[in-house]
Every structure is written in structure tokens, then in C-alpha cells.
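Protein chains in written order, with my numbering: chain A, -13 to 252; chain B, -13 to 252.
What follows is the structure, given as C-alpha cells:
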């Protein structure tokens, strides 16, 4: 790992047995990936873990050792016995868990808005027991608050796994905290090619990559290499400011180079 | 991490910038999760990494240090400049890369089946340069072969990222290699509850978990806690052989306990 990471580096740890048995597709980390990329940040790694205190503790510790600027955990904040993310974070940070008055107020307010009387049982109070030194983040559409804390240079944010709640807290409380990074929102272009296979395209893409090192070139085969009509999507992409012109030039270069190849040169 | 891991432990490392910028949802690792779970294996962790040699080397090394029985990498086996998974695996294993004759034969056979003449360019030969001591796995529908190798007790399998090719190689070459584990295929049951919120269900689920420690109980809120009709899915699940009867008993216990609660006890 690089010793100093970019001021824009992000890691996500997504927690829940349902992910690892394949019952649930992890659309949450995909959504976070889109959000942070759109705002000029770099998601460096996603880790999916099960509902195991040891696994969570180790996974969080390892992520912290890589010193991302922001570490987002998703899932395991609710009232049930298998919701143990915050305990795992506290263990990784070597901090005690303690009742948090602000979190308790949020939870009390949430339940008091319901039509029936909802006593603050131990399972409900559990959602207000946070790692020492952390703060709750309001959950506008659910019960379990998000949680934010610092460890060295790393900001740790824990969000619930219910997609609507995760998104609401991220948009309401996390996005505003992210400083504007030096890189900008991504600029990108797509090209679709037929009649050429990926291995014939490879040397051309490599030339383009050498010529435009600030851009990122990637080919995605959307059909078989041996199909009659192989379809390849090329994605040209950059978060460097002012790269629009370069992307235009790269497109021209690719079109020019590809059209100079003999037809179906594979 | 536990020092000795179960004979059935699996990790997946899914590689590609497209995952980390949110362009592509990682359905591949979800598919692997379902497959291995169905066959009685335990997926312990999924890691998504970008197309960076350093990131891949470190991610693979960290996974190997956790000593899973099987480590599956997905993506980055193709002919383009950003396909560098095998180089990363080789670096993590501290082994050189070398041309593999069996892999070259597979690739030559693949291209010779095409209607046009396809010369074995360096980009095509690249797919036959493997970490020393590894073997290719035939790709029945694409070009890049899968790769299998051993590191200590861990079997490492590298699969291409195109979903159809990944699935074909996994089914054709990987599933047959997995020994029948001690645990069986999962047995499971689902319950859907309305009119109760998750925090009211939490103590009941905890009782059930204590009474049936071999089973796994998980609640998934499918509506808001404050919705008029909150919907909760309960998943009861086990890979222990002969747990059908226990799951039946647990269902009876839950129905009985829940119906003894006053209606809408939140």
C-alpha cells in the first residue's frame, strides 16, 4: 500500500451474512461508489464481511491501517442480536462502548412520533450505545442513527444497511462533510465497437493509454470473442480537471487508428 | 482472524476499476456466493479492488494470510494493458511469471476456430503467461483461460470477469474440485411479518437464537420502522446436516411467541 494515500481515498466495508450467502446483492456499495466518484473522490476498496464480531473487528482494523481519508461501514446498526458493527468498530479502535445521550434523544424522538406508545426497551437503547468519542447522524426515515467518529486522519462513518436509510444519511450528513477534492467530477466518454475483438483492440488501447496517461481507458466485451458480432464498449474516463479536451483528442485518435486497421483485422 | 479456518472457507477478490467507480454492479461475486453456499461452503469475505498492480498484490497477499481453503479472483485476465491480475497474484506469491504451453495451446486452438486468420500477437500471448506452478482452466466460451494454483493449503483460482465465461469455468473446472464439505447444502425458511417493527421483534429473535444456536436467524426490514404496515422478512438458515426438523421447531416457536404478544406491541 502507498504510505500516504490521496486526500480523496475512500474505503467501504459492507456487513451482513445475507451478502456472503448471496441472498442480497450489495447495491449499497455500488451506490456509494457512484456518489463519491461523481464528487471527485476515489473509492479504493470495498470489503464485504459477515455478521461476526471477529471478522468485523479485523476487517475494520485492516482498513484503518491503510489510512483512507473516509471509511464507510454499511449495515449492522439495528436492534437485533446480529447487529454488531459498532462493537466491531470500537474493538478495532480499542475504545469502549458507551450510551450516547444525543443518539438516545434521536431514538426517543423517533419512537415518540409513532401512534402507539413505544417503551425504550434494551434492544432500542442498544442503538444509542456508540464507540466513545463518536456522534450520531440523524436518520430521517428510520430508527438507527448513523454514527461518525475520527481515528487519526481517517473519518469513520457507519450507516444502516436498509438502502433508503443509508442513502438519506449519506446525502444529509456525509456528502456535506467531504471537502472539495483537488480532482474534479469525472469526465468520460463511451465508444461502442463491433467487428473487432478485444485482443485486436488491445495494442490500440495501449497506444492511447501511453499517449494520454492522465486518462483511463478500459474495454468491456459485451459479446463473445468468437461471436459473429462481438461488441466492445470502450470507456474513457478522468477525474483530472480540464480533461474534456484530452478526452476529445483521445476519441479522435482511437477512431483514426481503428479505421486505419484493415477491416476485421483479427 | 481464527488461526485455523474451516475446510470450507472461501474468499473472493473481484478486480476492476469499473466496480469502484460504480459503473458495474458486482454480480459475479454474488453468483459465486450463491454457488458455494448451495454446495455447503462458506464465503467469508469479498474484496473489490481496482486495476492497480500494487492494490492487487496487497489484496491477494492479505487474503492468503487469512488462509482460506479457496481463493477466487475475478477479472483482469484479458489481453488489454489493464488486465494484471495474474501479475499481482505472482507478486503476492513471490513467484515469476512464465509462458505456459498448455495455456498457449488453449488460446491457439480458440483463435484457430475463428473464420479469419488470427495471428498470436503479444497481446494474445499475454493470456498464456501465468505464475509459475499454475495450470490453465479451459474457457469454453471465451479466450482467456482460467488459472489454478496452490499456495500452502489454499487453492487459488483466477477467473475472467465476463460473467458468462466466469460461470462456465467455475462450473466446468472449479465446482468438481471442491471436496464435499462436512456441512451440507443450506436448509432455510422464510417468514414475513406485518404489524410489528424490528425493534419489537429483536428480543424474540434473540430468544430463538439462544434456543437454537445451530440455526442462523436474521431479520430484514422491508418497510420503514414507522410505516403504517412495516414488513419484516425473517430468514432462518443452517448448513448443519439434519437441521430441517430444528428449523420447523424454530418456526413453531416464533409463531407461538409472536402470537402471544399483544397486537402491535410497539
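Beta carbons are placed, not taken as given, at the ideal position from N, Cα and C, and that holds for glycine. What you are looking at is a predicted structure, and each value in this text was computed from that prediction instead of being measured.
So the candidates are the options; which of them puts its Cα closest to the Cα of residue i?
{"i": "residue 190 of chain A", "options": "A:155, A:241, A:-4, A:59", "result": "A:241"}
{"i": "residue 117 of chain A", "options": "A:50, A:133, A:107", "result": "A:133"}
{"i": "residue 74 of chain B", "options": "B:232, B:29, B:144", "result": "B:144"}
{"i": "residue 21 of chain A", "options": "A:49, A:154, A:205, A:10", "result": "A:154"}
{"i": "residue 141 of chain A", "options": "A:159, A:226, A:108, A:227", "result": "A:159"}
{"i": "residue 226 of chain A", "options": "A:61, A:8, A:2, A:26", "result": "A:26"}
{"i": "residue 5 of chain A", "options": "B:39, B:180, B:32, B:1", "result": "B:32"}
{"i": "residue 163 of chain B", "options": "B:149, B:187, B:135, B:200", "result": "B:135"}
{"i": "residue 61 of chain A", "options": "A:199, A:85, A:130", "result": "A:130"}
{"i": "residue 125 of chain A", "options": "A:231, A:96, A:184, A:3", "result": "A:96"}
{"i": "residue 156 of chain A", "options": "A:10, A:2, A:19, A:3", "result": "A:19"}
{"i": "residue 93 of chain A", "options": "A:81, A:106, A:53", "result": "A:106"}
{"i": "residue -3 of chain A", "options": "A:183, A:50, A:224, A:10", "result": "A:50"}
{"i": "residue 138 of chain A", "options": "A:148, A:187, A:79, A:84", "result": "A:79"}
When you compare the CB of residue i with every CB in chain A, is at least one pair closer than 9 Å?
{"i": "residue 239 of chain B", "result": "no"}
{"i": "residue 73 of chain B", "result": "no"}
{"i": "residue 28 of chain B", "result": "yes"}
{"i": "residue 234 of chain B", "result": "no"}
{"i": "residue 3 of chain B", "result": "yes"}
{"i": "residue 175 of chain B", "result": "no"}
{"i": "residue 36 of chain B", "result": "yes"}
{"i": "residue 170 of chain B", "result": "no"}
{"i": "residue 20 of chain B", "result": "yes"}
{"i": "residue 276 of chain B", "result": "Residue 276 of chain B lies beyond the stretch modelled for chain B, which goes from -13 to 252, so this question has no answer here."}
{"i": "residue -11 of chain B", "result": "At residue -11 of chain B, the pLDDT of 42 sits below 50, so the modelled position is not reliable; the number obtained from the coordinates is stated separately. No, residue -11 of chain B does not count as interfacial toward chain A."}
{"i": "residue 95 of chain B", "result": "no"}
{"i": "residue 192 of chain B", "result": "yes"}
{"i": "residue 246 of chain B", "result": "no"}
{"i": "residue 82 of chain B", "result": "no"}
Does chain B have any CB closer than 9 Å to the CB of residue i?
{"i": "residue 231 of chain A", "result": "no"}
{"i": "residue 153 of chain A", "result": "no"}
{"i": "residue 16 of chain A", "result": "yes"}
{"i": "residue 33 of chain A", "result": "yes"}
{"i": "residue 203 of chain A", "result": "yes"}
{"i": "residue 257 of chain A", "result": "What the structure shows of chain A is the stretch from -13 to 252, and residue 257 of chain A is not part of that stretch, so it cannot be assessed."}
{"i": "residue 118 of chain A", "result": "no"}
{"i": "residue 131 of chain A", "result": "no"}
{"i": "residue 195 of chain A", "result": "yes"}
Compute the Euclidean distance between the alpha carbons of residue i and residue j, then round it to the nearest angstrom.
{"i": "residue 146 of chain B", "j": "residue 207 of chain A", "result": "11 Å"}
{"i": "residue -5 of chain A", "j": "residue 196 of chain A", "result": "25 Å"}
{"i": "residue 122 of chain B", "j": "residue 88 of chain B", "result": "7 Å"}
{"i": "residue 173 of chain A", "j": "residue 56 of chain A", "result": "23 Å"}
{"i": "residue 71 of chain B", "j": "residue 65 of chain A", "result": "41 Å"}
{"i": "residue 212 of chain B", "j": "residue 110 of chain B", "result": "With a pLDDT of only 48 at residue 212 of chain B, under the threshold of 50, the placement of this residue in the model should not be trusted; the figure read from the coordinates follows. Computed Cα separation, rounded: 58 Å."}
{"i": "residue 114 of chain B", "j": "residue 100 of chain B", "result": "18 Å"}
{"i": "residue 41 of chain A", "j": "residue 35 of chain A", "result": "7 Å"}
{"i": "residue 128 of chain A", "j": "residue 150 of chain A", "result": "9 Å"}
{"i": "residue 17 of chain B", "j": "residue 23 of chain B", "result": "10 Å"}
{"i": "residue 199 of chain A", "j": "residue 1 of chain B", "result": "21 Å"}
{"i": "residue 12 of chain A", "j": "residue 103 of chain B", "result": "42 Å"}
{"i": "residue 217 of chain B", "j": "residue 180 of chain B", "result": "5 Å"}
{"i": "residue 170 of chain A", "j": "residue 204 of chain A", "result": "20 Å"}
{"i": "residue 178 of chain B", "j": "residue 54 of chain B", "result": "35 Å"}
Applying the criterion that 16 or more other CB atoms from any shown protein chain within 10 Å of the CB defines a buried residue, is residue i buried or exposed?
{"i": "residue 236 of chain B", "result": "buried"}
{"i": "residue 246 of chain B", "result": "exposed"}
{"i": "residue 76 of chain B", "result": "buried"}
{"i": "residue 86 of chain A", "result": "buried"}
{"i": "residue 9 of chain B", "result": "buried"}
{"i": "residue 108 of chain B", "result": "exposed"}
{"i": "residue 59 of chain A", "result": "buried"}
{"i": "residue 90 of chain B", "result": "buried"}
Residue i lies in the alpha helix (DSSP H); which residues open and close that run?
{"i": "residue 42 of chain B", "result": "39 to 51"}
{"i": "residue 239 of chain B", "result": "230 to 246"}
{"i": "residue 22 of chain B", "result": "13 to 24"}
{"i": "residue 5 of chain A", "result": "3 to 6"}
{"i": "residue 159 of chain A", "result": "Looking at the DSSP string, residue 159 of chain A is not in any alpha helix (DSSP H), and its letter there is neither H nor E."}
{"i": "residue 120 of chain B", "result": "No alpha helix (DSSP H) holds residue 120 of chain B; DSSP gives it neither H nor E."}
Give the range of the beta strand (DSSP E) segment to which residue i is assigned.
{"i": "residue 135 of chain B", "result": "132 to 137"}
{"i": "residue 224 of chain A", "result": "217 to 224"}
{"i": "residue 141 of chain B", "result": "140 to 145"}
{"i": "residue 180 of chain A", "result": "173 to 180"}
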